[in-house]
Each structure stands twice: as structure tokens, then as C-alpha cells.
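Just below is one structure, and these are the notes that go with it.
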Amino acid sequence: MSIERYNARAAESRWHRVWDERGVFATRNDDPRPKYYVLEMFPYPSGRIHMGHVRNYAMGDVVARYKRARGFNVLHPMGWDAFGMPAENAAMANKVHPRAWTYENIATMRAQLKSMGLSLDWSREIATCDPAYYKHQQRMFLDFLAAGLVERKHSRVNWDPVDQTVLANEQVIDGRGWRSGALVEQRELFQWFLKITNYSQDLLGALERLDRWPEKVRLMQKNWIGRSDGLLIRFALDPKTAPSNEKELKELEAFTTRPDTLFGAKFMAIAPTHPLALAAGSTNGAVAEFIGECWHRGTAQQIIETAEKRGIDTGIRAIHPFDPNWRLPVYVANFILMDYGTGAIFGCPAHDQRDLDFVNKYGLGNTPVVCPPDQDPKSFVITDTAYDGPGRMINSRFLDGMTIEEAKEEVARRLENESLGNHPVAQRQVNFRLRDWGISRQRYWGCPIPIIHCTNCGIVPVPEKDLPVTLPEDVTFDRPGNPLDHHPTWKHVKCPRCGRQADRETDTMDTFVDSSWYFARFTDPWIATAPTERRAVDGWLPVDQYIGGIEHAILHLLYSRFFTRAMKATGHVGLEEPFAGLFTQGMVVHETYRTADGGWVTPAEVKVETVGNARQASLIATGAPVAIGAIEKMSKSKRNTVDPDDIIGSFGADTARWFMLSDSPPERDVIWTEEGVQGAWRFVQRLWRLVNEAAAFAAAAPASRPGAFSDVALGLRKASHGALARVSEDIEKLRFNRCVAHIYEFTNVLQAALADAGATPAPAAAPDLAWAVHEAAEILVQLFHPMMPHLAEECWAALGHRSLLAEQGWPAVESDLLLENTITLPVQVNGKKRADVTVARDAGNVDIEAAVLALDAVRRALDGKAPKKVIVVPQRIVNVVA
RNA sequence: GCCCCUGUGGCGGAAUUGGUAGACGCGCCUGACUCAAAAUCAGGUGGUGGAAACAUCGUGCUGGUUCGAGUCCGGCCAGGGGCACCA
């Protein structure tokens, strides 16, 4: 019998039409079945999809199709993160409007995604640059403003000189802009902030309950929020040295996490912008000069990080809280940050490396106050390495002998009960590293901030009836900066309050705002009167399974968690955590290739051959040798990309999807190889042949299940249900690489069973085998359906079905088939495997022991000696100890 | 500097969470079919010794716990990631 090769291209577009016509993936909000919301991070419409998208969306689609088969009402939507800089860059380079560029890309990428055969509900598609979307975002901004979750501050910000815009702290990587790569500068500007710090503790504490998030992401967020517990101590200033008699300058507040080291204090240091520093500068020329230097030197982030630790004595003296006669010099120092804690510290050089470097430079000395357990307190000294480990207190009066923890507690207790003026000297305090989220961007292609600045009324929100504030179409990009600023008419409006001439806010929102709530909008993207329809959003959220790249571990995922809280506070959703389950998939990487002159060449231009274990590459065009370089993330600069269109065009979407899911565990990087794609393609053909052969073999199979099965038929059934159980479990746990392995294994079993059976069709004397083969083929097709849906539909039809597999339920495991009557246990002697023993599943330990000791191999290994002990681990292993 | 993760054949990776190390795939080798190639099918494939049965070594290095360690504990080494003047 000859079976025609599977024509992926023809079959795939045929099934796309069928799925479309029947609307099988449209999801209804009023469906009574239990809901399951699976979401992949929506793409930025940069031009074309890349292999990373293929991997991400293939994974999500496996989950969506599996959960649908399991009887859930599945929401699996797609949209576009459509605002952002590249559209403006394209506008500047190609004289094309950002909107036109963006929508053209969306059209291209939508067609590409459709060619993948993803089970998406396209009726819910949204684009964040659509006024129908961002009008709700503006409405929520105003709601947040009214709720006190928005603030406008004159503040020092990260300025990207290339993109000419402000960046959030999260967007500065190694001192450079996350998109432009330019060295970031510091500037003072009026900025809009979302008050994420209102939720610092909540965002931190709730991480513990996100038990279906990767540990790694939770840890990264925890470190980013950066809680530290300590003591806020008020130091009195020696009146003779204080720069002014103003009340607030007569004392100095410092935050510390090490109050136990208070007796090791040698100095105090304040930030150059601290009010006390400014006051000191006004009377002390040298101090003023130093402060000026700090300002001038510290513009670029990079310089700040590498700058030497320097300071200057202000002449001010602080009084030690436990000793009225102990004076500490107050320095202005360039390494103290005004926006963390109080902008002031006390320095304990023996136990803080930074403080130690500082005192060594200025000759202030050090006194160790914590002695490590393995050191003699009498001889323990610190020279140029600070000690921050555990130990007992020394040189610390009433603290001596205590542990660090005891000493912290004792200091806090005493200072809380002492007072300075009318207040306690100290109070316990928690500080966070997390800063408020600056969302102002000096760009055109973003969501306008719905605010009007009126010289008369100040800051006036745009009235709700005037929303959305839409972007003007007639803009030019022929000069740097924000086109909205240069627009002749858009920015000039009448003040909605007093009617006088006023100006619009020309800043637009950070694009991370757009992506902080799109998952909520998907639950009802049609409602025009509000951002969300409460019944829909509360019914669908949280997202049950969110899938995306690890690069969003902090930015997008932390902002979304905050935004959901803010939406709850303003009545737009009913919950706090948007994503119940998170999975971060690895990247798609590829070998790099360079010619002799050092130029990068694409995989398509290179032929790779394997000779023995060595791989050699050459240019297809000329045969010139090519050096095989490191395996790296696919990127245009290294030219090591593979276009999904090319792969889908020649092998079909199923091959691409299958390869993306095989081999590497999904959280790790996967290496794209030509051999791997070929292997996936061969497997597609092999499945097609095998299912057709099975269908022919089982053509005369009885319609209902036979009452009895031969050993061969029973063996096949056990394999079928074993594979079903294993694949189901691994899909649930997103271990797609193991699913793939199990499917290969099961395919091998079915193929061998058909080969052993010989004649096709099945002999009339073996109806049970025909039935078991048919069952096996059906289960096989259903198992690979979530990964290769088109081939699966084609095979399902070949097995005689007229229904759609996409609408089919998941097969049920017959669990009694998973239990064997006999089991084979490995037998070890002194921990080394020597034999196997096959016993009844419920055999007693005594019987097993006897059977084991009778084995030749065990006797030989024992060499006549009597065993000391026999350990039988039920259902696992037997170990004989000699 | 601080925090975290990873290390298994030629390669990607499995290993029931302390119980047969190397499943499955890729690659490679041998054979069948073919005028030939592709495709397909059959067999082999961690190292060493052996014709074989088998023996022996083997999960980055090193020490330990255990009847038994890829898995647990201590100390190193290498690679990757996050944060970074955070008091």
C-alpha cells in the first residue's frame, strides 16, 4: 500500500478555513463551563514575527487546546502593544506616519500568526494605539489622580539623550537606556508619577502567595522592591556647631539597619542635596564648593557609579545618643543618596566596607564592635576589610556579649523610650528601594496624558466628556524632541474650568502603562463606556496561565501587579493579582557564522556538514570556508535569524511548532538547528504514514469494545493509556519536551505493533487487535493535537471521523490498564546492580528476598558469603548487603 | 561586592524527586531497497578491556551522610542571570 506524502501547506490552509467558518475558537462570556484564561504576552508590532514569538505562542496554544479539550471555557486572545519609539524612528527615517507604519506591521504579523494555526479568538483583538483602547486608559489615569495614586513632582530623572525622553529606573540598564543604549543623564523636570510605592509592602508580601510563579521571578521582584528593616535615629547637633538656629536644623535623622553598631560610629554623612548640607554650604565656602562639584560631576549615571568616595567635614558635630559627651563629625559625602532613607547615615567603618574606605581616606579610625566567633576580642582588629558576619558585641558598653540581633533589639528598646525634645530618639522603620513610577515620556506615539495646564487654575484634568484626548494626525518628525510640543494648534486649548487660554500636557504615557491592563480589556473589549465590564473582568481574571519572556520579570510584571491594585482601588476590577500562573520561556538561539573577512552571514547562506564529530561550514555560493561562532540569541546584528515564514512555507506550521516544543525544556533556551527541523518534518510524515497504516489495518475493527484481549492487544492498550496518562500530566506541568519524548516513544510502540502484526488489514480472527490498533491511533492523534493541530485534524479525518478534533474532548485514561500484575525489580549487591528479579506485584518481602538470594548473579557476587541484610524497597529496588 | 541559577555521551536533554544513569530526539557508523540519490526500513552507538558472556570506570572537582547519591550536606572550580554607593 502506498500513502501519499502529507502536503502541509494545502492541509493547513484548508483547516484554517474550516476552523474560521465554524468559529470554533470564539469564546463567549456567558458560557456556563468553568473558565480558563491562557495568555501569551502580546507582541510589539515591529514588522514581522520572529522565532521567539513562534515558541511563545506555540506553548500557549498547547495549553489552550488542551484545556478546551478538558472541558473548560477557554479565553485565548491576541492583541498589539502598539505604541512606542520604533514607530517614531521609522517615521523619521522613512517619512511615514507612525500610525500607518504600525498598522501595516499589524496586518503583516496578524497574517503570520494566523498561518501558525493558533486557536485564538480574533474577535477580541485590540491595539493599544486605538483611541477606543487608550481613552479608557486616560479615564483610569484621571480616576487614579482623584484617588491620590498620581503625583506631579519636580524631580531628578533619567534622561535618554538619544531618544530625548525620560526613562523609569527600571528602564535604565547598566547606566544606559534600555532601548537606545545611550548613556543616561540626570535632569530636573516636572514629571507625572504613579504611586507604586503606596503598595510596596503589599506587592512584596503578596509574592509569597503567587505559588504558580517561577521562584526566580518572585526573587527578582523581591530584590527590586528591596525592603530593609531598621531604626530611624534622631541625633542632636552640638548647638555651638549647628549652622542655624532653625528648629529643623538642630537635629539630624539617620536611618540604619545596623543599630547594634552604634558604639562603632566614627562619623555621620549627609547627601549633597540634604537641607543641612545646603545650610552648611551657605556659611562655609569649601562645603559649598564641594556640593557644586557633586552636581557637576554627577550627571551621567556611569560616572556616579565609578566615582571615588569623597567627602568634606562641615564642622558640624552630632551628639551620640548614648553619650552626651561623644561628638561625631558630620560630613557631606558624594555617595549618600537623598532619596533613600533620610539622606543621612552614621558611619560604622569596622562593619561596612564603604564607611571603612571613607575613614581610611580621611584618617578617622575604626573600632570593631562585633567580634567573629573564631576571633579573640582582645586582639581582633580591622584594617582594610570590614566584617559584616555574625558574632558577639564588644567595645559596646551595655551591649557587650550580646548577639547582633539582641543588640539591635536592645538599642531600639532604649532609644524608643528616650526622648529628644518631645519625641522619642528613635523609631523602628521600614524602607523600600522601590521608587514611584515616572510615566511621562516626551514622545508623540503614546497615550496622551489627559491634563490641561492653566496659568489661572493650575493643573486641570480633561473632563470625562472630552475623552479621549486623541493624537493629532498632522505631525512632523523633522526635528528632535516631541512633535506634540511643536504642534501649532493641538496643544493650545481653552481651560475647561475658567475658559481662558491654556496648554495641553504634551507628555505621553510610558508604553508600559498600555500593557499594564490589556489582559483586563480582553475580557470585554467591546464595552465603550468603561475600561472594563465588571461581570466579565471579575469572571475571567486572574489569568490562569500567563506565558512570556523572562526579560519582563520586573518591568511589565511588577507594573501590572500595581496597576491591577490601582484598578481595584478605583472600582475597575475586583482583585489584586492579575496573573495566577506565570511561565517564563527561554529564548530561541542559533549558531553564528563569519566569513574569513569577519563579516556575519545568515544560516540560509551557509552549508554545514558533519564529518565524524566535527562540524564544518562553508558558503553555499562560493564554497569558501565559514567559521562557526557562538550560539546566541537570534538577532539582526549577528544575522543568525531564521524567518518563521520560510520555515512555515517549506515545512508547515506544525513542523515549526513541534520543533519549538521538542528537546529543550521550555524555560531554557532552545537551539534552532536545520537538522532539528528536518527531524520534526520527518516525524510529521512518519505520523501521517503510521496513522493511515493503522486506519487500514483496523478498517474492519468492531464498533464496540471486545470483551477480551489477547496479550499483544492488551500490551498495546497498556502503552496507549500509559502514554495518555504521561502526556496529560506533562502538559498540565508545561513540560512540553517530555510530552514530545512520550509521543515519540508511543509512536515507536504502535509502529512496532503494526510491523509485528504483519498482514493488513487485520485478520478476521483478531478483531481485538484491530480494535486496539484503532484505539491507539486515535489516542496518538489526540495526544499530538495540541502541538500539531493541522496534522491532527487531517489524521482524525483519516481515521474515519467527520467531527472536528478541535471540538473533541480529551480521552479518558483507563487506569486499571496502568497496573501490571508482575513487576521487575533491579537487584543490587552492595549498591551495584547485578540482576533483575520479576515477582508478582503484591509479592511479600520474604518471597522477594528468597527469589533474589536464589539468583545466580547474586550468588556469584556474594561469593559464598552470607548476606548481612536484604533491603527491599516495595515497587522499587532490592539491595543485598554483604 | 551582594543575591540567585546551572554544570549528565559528539549535541539537545531524560531519570518516577534518595532507588536500574544516559529515556526520547539529533548526529554518526553498518546493512537492506535503488542504476544512483532522496525517502524509507533493520541493527549499532558513554569510556576502557573482551569474540562474547561479562568486568570495570563514569553525572564539573573534592570531602561527607546513606544499604544505596546525578539527586542530600560541606568546601572549591567553571558558565549564566539579577541587583548594585540602598545606609
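This note's numbering puts the first sequence at residues 698 to 1579.
The beta carbon of each residue, even a glycine, is placed where N, CA and C say it ideally should be.
Please read these numbers as outputs of a predicted model, since none were measured by experiment.
Sheet register partners of M1206 (DSSP bridge): Here residue 1206 refers to the residue found at position 509 when the first sequence is read from its first residue. Paired residue(s): S1137.
D1342 versus I746, E701, R702 and H713, residue with shortest Cα-Cα distance: Stepping through the first sequence from its first residue, residue 1342 is reached at position 645. For the residues I746, E701, R702 and H713, the minimum Cα distance to D1342 belongs to I746.
Sequence-distant residues of the same chain with beta carbon closer than 8 Å to A787, five excluded per side: As a working mapping, residue 787 is identified with position 90 in the first sequence. Excluding sequence neighbours, A787 sits near V793, P795 and W798.
Under 9 Å between C-beta atoms of M965 and L949: As a position in the first sequence, residue 965 is number 268, starting the count at 1. As a position in the first sequence, residue 949 is number 252, starting the count at 1. The answer is yes: Cβ separation under 9 Å.
Bridge-paired residues (DSSP) for Q888: To locate residue 888, count along the first sequence from 1; it is residue 191. Beta-bridge pairing links Q888 to K850.
Beta-carbon proximity list for M806, same chain, < 6 Å, skipping 5 on both sides: Start at 1 with the first residue of the first sequence, and residue 806 comes out as number 109. Counting only Cβ-Cβ distances below 6 Å, and skipping sequence neighbours, we find P742 and I746.
Assigned secondary structure, R1432 (DSSP; H/G/I helix, E/B strand, else coil): Start at 1 with the first residue of the first sequence, and residue 1432 comes out as number 735. DSSP places R1432 in coil when its eight states are reduced to three.
Which residues DSSP lists as bridging G961, in chain order: Counted from its first residue, the first sequence places residue 961 at position 264. Answer by DSSP bridge pairing: none, since G961 is not bridged.
Rounded Cβ spacing between L1488 and W1385 (contact assumed at less than 8 Å): Against the first sequence, residue 1488 aligns to sequence position 791. Against the first sequence, residue 1385 aligns to sequence position 688. 7 Å between Cβ atoms; contact.
For N1389, the three-state DSSP class (helix, strand or coil): Here residue 1389 refers to the residue found at position 692 when the first sequence is read from its first residue. In this structure, N1389 counts as helix in the three-state DSSP scheme.
Beta-bridge pairing of Q883 - partner residues as DSSP gives them: As a working mapping, residue 883 is identified with position 186 in the first sequence. Per DSSP, N855.
Delimiting residues of the alpha helix (DSSP H) encompassing V759: By 1-based counting over the first sequence, the position of residue 759 is 62. It spans M748 to A766 - the alpha helix (DSSP H) in which V759 sits, taken as one unbroken run.
Completely contained alpha helix (DSSP H) runs for the segment 1445 to 1525, where each covers 4 or more residues: 1464 to 1481 and 1486 to 1495
Candidates P1177, R1176, P1165 and A1199: closest to T1153 by CA position: Reading the first sequence from its first residue, position 456 is the one you call residue 1153. A small fix is needed here, since residue 1153 is Asn in this sequence, not Thr. Ranking P1177, R1176, P1165 and A1199 by Cα distance to N1153 puts A1199 first.
Pairwise C-alpha distance: T1307 and T1203: Residue numbering aside, residue 1203 sits at position 506 when the first sequence is read from its first letter. Residue numbering aside, residue 1307 sits at position 610 when the first sequence is read from its first letter. Computed Cα separation, rounded: 59 Å.
R1262 (DSSP reduced to helix, strand or coil): Within the first sequence, the letter at position 565 stands for residue 1262. Residue state, collapsed to three classes: helix.
Any alpha helix (DSSP H) of 4 or more consecutive residues that is wholly inside the segment 1002 to 1076: 1050 to 1059
S812, buried or exposed, once every other Cβ within 10 Å from all chains shown has been counted against 16: The sequence position of residue 812 within the first sequence is 115, counting from 1. Classification for S812: buried.
Q888 vs I1148 beta-carbon contact at 9 Å: The residue labelled residue 888 in the question sits at position 191 within the first sequence. The residue labelled residue 1148 in the question sits at position 451 within the first sequence. Taking 9 Å as the Cβ cut-off, Q888 and I1148 do not qualify as a contacting pair.
contact_flag[the segment 1154 to 1165, the segment 1215 to 1234] where n(CB pairs < 8 Å) is 3 or more: no
Residues sharing a beta bridge with T953, DSSP: Position 256 of the first sequence, counted from the start, is the residue given in the question as residue 953. L928, per the DSSP bridge assignment.
Start-to-end residues for the alpha helix (DSSP H) that takes in Q835: Against the first sequence, residue 835 aligns to sequence position 138. Note, Q835: alpha helix (DSSP H), P828 to A843.
Distance between H1418 and E1511 (C-alpha atoms, nearest Å): Mapped onto the first sequence, residue 1511 falls at position 814. Mapped onto the first sequence, residue 1418 falls at position 721. Using only the alpha carbons, I get a separation of about 7 Å.
Bridge partner(s) assigned by DSSP for D1533: Reading the first sequence from its first residue, position 836 is the one you call residue 1533. Answer by DSSP bridge pairing, in chain order: P1523.
Exposure label - V715; buried when at least 16 CB within 10 Å: Numbered from 1 along the first sequence, position 18 holds the residue referred to as residue 715. Label assigned to V715: exposed.
Residues bridged to V735 [DSSP beta-bridge criterion]: Position 38 of the first sequence, counted from the first residue, corresponds to residue 735. DSSP output for V735 lists Q1242 as bridge partner(s).
Reduced DSSP category for P1322 - H, G, I as helix; E, B as strand; rest coil: As a first step, residue 1322 is located in the first sequence; it is residue number 625 there, counting from the start. Reduced to three states, the DSSP call for P1322 is strand.
Which listed residue (D1533, D1539, R1140 and G1528) has its alpha carbon closest to that of T1519: Taking the first residue of the first sequence as position 1, residue 1519 is located at position 822. The option with the nearest alpha carbon to T1519 is D1539.
CB contact flag (Y1037, R1130, <9 Å): Residue 1037 sits at position 340 when you count from the first residue of the first sequence. Residue 1130 sits at position 433 when you count from the first residue of the first sequence. Contact: yes.
Element boundaries [beta strand (DSSP E), containing V1577]: Against the first sequence, residue 1577 aligns to sequence position 880. From DSSP, the beta strand (DSSP E) with V1577 extends over I1574 to V1578.
Selected residue, minimal CA-CA separation from A1449, among A1462, V1437, L1387 and A1397: Counted from its first residue, the first sequence places residue 1449 at position 752. The shortest Cα separation from A1449 among A1462, V1437, L1387 and A1397 belongs to L1387.
For M1090, the residue or residues it bridges with in DSSP: On the first sequence, residue 1090 is found 393 positions in, with the first residue counted as 1. BP columns for M1090 point to V1067.
Buried versus exposed call for V759 [16 or more other C-beta atoms within 10 Å across all chains shown]: For the purposes of this step, residue 759 is taken as the residue at position 62 of the first sequence. When all chains shown are included, V759 counts as buried.
First and last residue of the uninterrupted beta strand (DSSP E) at S1315: The count along the first sequence starts at 1 and reaches residue 1315 at position 618. Per DSSP, S1315 belongs to the beta strand (DSSP E) from A1311 to L1316.
Coarse secondary structure for V1270, derived from DSSP in three states: On the first sequence, residue 1270 is found 573 positions in, with the first residue counted as 1. V1270: coil per DSSP, three-state reduction.
Simplified DSSP assignment, three categories, for C1154: The residue given as residue 1154 occupies position 457 in the first sequence. Correct three-state label for C1154: coil.
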